[in-house]
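If you use the numbering used here, the sequence shown corresponds to residues 14 to 441, in order. Just so you know, even glycine gets a beta-carbon here, dropped at the ideal spot from N, CA and C. Step one of this worksheet: look at the structure below.
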Amino acid sequence: MEQYIVRGGNPLIGEVDIYGAKNAALALIPAAILTDEPVIIDNLPDVSDINVMLDAIAHIGATVQRINRHKVKIIGATVSSHAIDDDYIRKIRASYYLLGSLLGRYREAEVAMPGGCVIGARPIDQHIKGFEALGAKVDLDGGQVKAKAQELIGNHIYFDVVSVGATINVLLAAVLAEGNTIIENPAKEPHVVDLASMLNSMGARIRGAGTDVIRIKGVSKLHGTEYTVIPDQIEAGTFMFAAAVTGGDVTVNNVIPKHLESITSKLKDIGCRVEEYDEAVRVIADKRLKSTRVKTMPYPGFPTDMQPQIGVALALAEGTSTITENIFENRFKYVAELVRMGAKIKVESNTAIITGVEKLKGAKVSAPDLRAGAALVLAALSADGVSQVDGLQYIKRGYENFSGKLRKLGADIKKVNIDENSSAARIV
Ligand code: EPZ
Numbered sequence: 014m015e016q017y018i019v020r021g022g023n024p025l026i027g028e029v030d031i032y033g034a035k036n037a038a039l040a041l042i043p044a045a046i047l048t049d050e051p052v053i054i055d056n057l058p059d060v061s062d063i064n065v066m067l068d069a070i071a072h073i074g075a076t077v078q079r080i081n082r083h084k085v086k087i088i089g090a091t092v093s094s095h096a097i098d099d100d101y102i103r104k105i106r107a108s109y110y111l112l113g114s115l116l117g118r119y120r121e122a123e124v125a126m127p128g129g130c131v132i133g134a135r136p137i138d139q140h141i142k143g144f145e146a147l148g149a150k151v152d153l154d155g156g157q158v159k160a161k162a163q164e165l166i167g168n169h170i171y172f173d174v175v176s177v178g179a180t181i182n183v184l185l186a187a188v189l190a191e192g193n194t195i196i197e198n199p200a201k202e203p204h205v206v207d208l209a210s211m212l213n214s215m216g217a218r219i220r221g222a223g224t225d226v227i228r229i230k231g232v233s234k235l236h237g238t239e240y241t242v243i244p245d246q247i248e249a250g251t252f253m254f255a256a257a258v259t260g261g262d263v264t265v266n267n268v269i270p271k272h273l274e275s276i277t278s279k280l281k282d283i284g285c286r287v288e289e290y291d292e293a294v295r296v297i298a299d300k301r302l303k304s305t306r307v308k309t310m311p312y313p314g315f316p317t318d319m320q321p322q323i324g325v326a327l328a329l330a331e332g333t334s335t336i337t338e339n340i341f342e343n344r345f346k347y348v349a350e351l352v353r354m355g356a357k358i359k360v361e362s363n364t365a366i367i368t369g370v371e372k373l374k375g376a377k378v379s380a381p382d383l384r385a386g387a388a389l390v391l392a393a394l395s396a397d398g399v400s401q402v403d404g405l406q407y408i409k410r411g412y413e414n415f416s417g418k419l420r421k422l423g424a425d426i427k428k429v430n431i432d433e434n435s436s437a438a439r440i441v
């Protein structure tokens, strides 16, 4: 089992290059099989979620040619099956985006029902509502989601809940439908806009992505394209908060500052200096952090995927802070691990009440999920003493070369292989 061994206390100093957005790439890959023509996607992060999604489309027959670690050519013409093996949906729930693209392209699709996960029940009722509004029949039987349509006709769809996944899935199904589709109350995340941009580069006619109403004029077919994934706002935010919690000075390069506005605003609230450039943001934390109140909201609000990371910062801030998690029902699992490092946090319903401490203490902690795992690494980097962080399989889902990038900024972190039958550790 792999672990990080972290000796805290080093301020992170320097520059880090941010890679492509995992949650955008997870939508762009299924979109590539909406055409028979070659689609080249560049700036893919080399993380396990992306590799699983590429395996999933290859498994149904798509041609997937790796041009390099971050660039792939996909040819959907060879797709031969419209049913996704359960294994993929168990590994990444975003495989359900293949419901939207297979339904949109072939008028039929089948994936295993995505279960909940540690952060919440994560229902898909809004996805189904969108597919049925377009004329599909959706059956949930035997743990499978089966969608089928004689024809897909554009419609006016109002989402009861702002949902990134449902917005993406309905976009994928509607671009090749007949007639016009209007989506009200869609998600406005950068990765939704990135998908719309790529689909439009393939000949789709989507307007309003990133606003409160998305309008899609169905087209009869889409053509190939060459597209570059936007930078990952959550990877960027994670490194920005790494600077904050270690009293460092870090510049994140290859970012779109506009996508980071809510993160930048909170960093300023807690006393960091933030300098914005065209494609970079610099965070300087030269004094003790201050308390604040945070509420996670759909974009452009403060992202739920940054909630554990700001939780670590507020655990070190002077005074009492609160975090209200409005998106998922169970996203405070990292708190128990932070308390083991000396944090003073109590959780009441969907709110964490945090009394800042001067320093956390190194401890053996376990990542319960992707973003909590990254946050626990940040806590270890700030702490006095040595920490062991396990659960790296979660961190690898969304961060490419995480420890390598942190080392380049001066962190004392190494990845070791712990033989579970002995305490011997081998640096990997
Ligand atoms: C996406 O998940 C992201 N995953 C999540 O990132 C992110 O936390 C989330 O959006 C919110 O930004 C990917 O993009 C692959 P939602 P998604 O549908 O699409 C409720 C990470 O760490 N809901 O926007 O599943 C749902 O229960 C991951 O990278 C319904 O009620 O999130 C939740 O409370 C974690 N019915 C809220 O909406 C539905 O049909 C937002 O969920 C769909 C969602």
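Where residue 240 is concerned, there is no enclosing alpha helix (DSSP H), although the beta strand (DSSP E) around it starts and stops at 238 to 241. Judged by beta-carbon spacing, residue 69 lies beyond the 8 Å limit of residue 88, meaning their Cβ atoms are not closer than that value.
With fewer than 16 other Cβ atoms from the protein chains shown falling within 10 Å of its own Cβ, residue 136 counts as exposed. Distances between the C-beta of residue 138 and the heavy atoms of the ligand EPZ include at least one below 7 Å. Proximity of the region 314 to 328 to the region 378 to 392 meets the contact definition, three or more beta-carbon pairs being nearer than 8 Å. Scanning its chain for C-beta atoms nearer than 7 Å, with the 5 sequence neighbours on each side dropped, one finds around residue 280 the residues 253, 257, 287 and 296, in chain order.
Counting the other Cβ atoms within 10 Å of the Cβ of residue 291 gives fewer than 16, which makes it exposed. Using a 10 angstroms sphere on the CB of residue 182, the tally of other CB atoms reaches 16 or more, which defines it as buried. Sequence-distant Cβ neighbours of residue 303 in its own chain, meaning closer than 7 Å and more than five residues away, are 283, 284, 330, 331 and 332. With a cutoff of 8 Å on beta-carbon distance, residue 188 and residue 227 are scored as not near each other. The region 73 to 135 is shown to contain whole beta strand (DSSP E) runs of 3 or more residues at 76 to 81, 84 to 88 and 121 to 125, in chain order. Within its own chain, the residues whose Cβ lies closer than 8 Å to the Cβ of residue 338, once the five positions on either side in sequence are excluded, are 309, 317, 320, 344, 345, 363, 364 and 365, listed in chain order. The alpha-carbon of residue 125 is positioned some 45 Å away from that of residue 372. In this structure, residue 208 keeps its C-beta atom at 8 Å or more from the C-beta atom of residue 191. Of the heavy atoms belonging to the ligand EPZ, none sits nearer than 7 Å to the Cβ of residue 103.
Burial state of residue 245 is buried, judged by a 10 Å Cβ sphere holding 16 or more other Cβ atoms.
With a cutoff of 7 Å, residue 57 does not count as near the ligand EPZ, since its C-beta is closer than that to no heavy atom of the ligand. If you check the C-beta of residue 200 against the ligand EPZ, you find a heavy atom less than 7 Å away.
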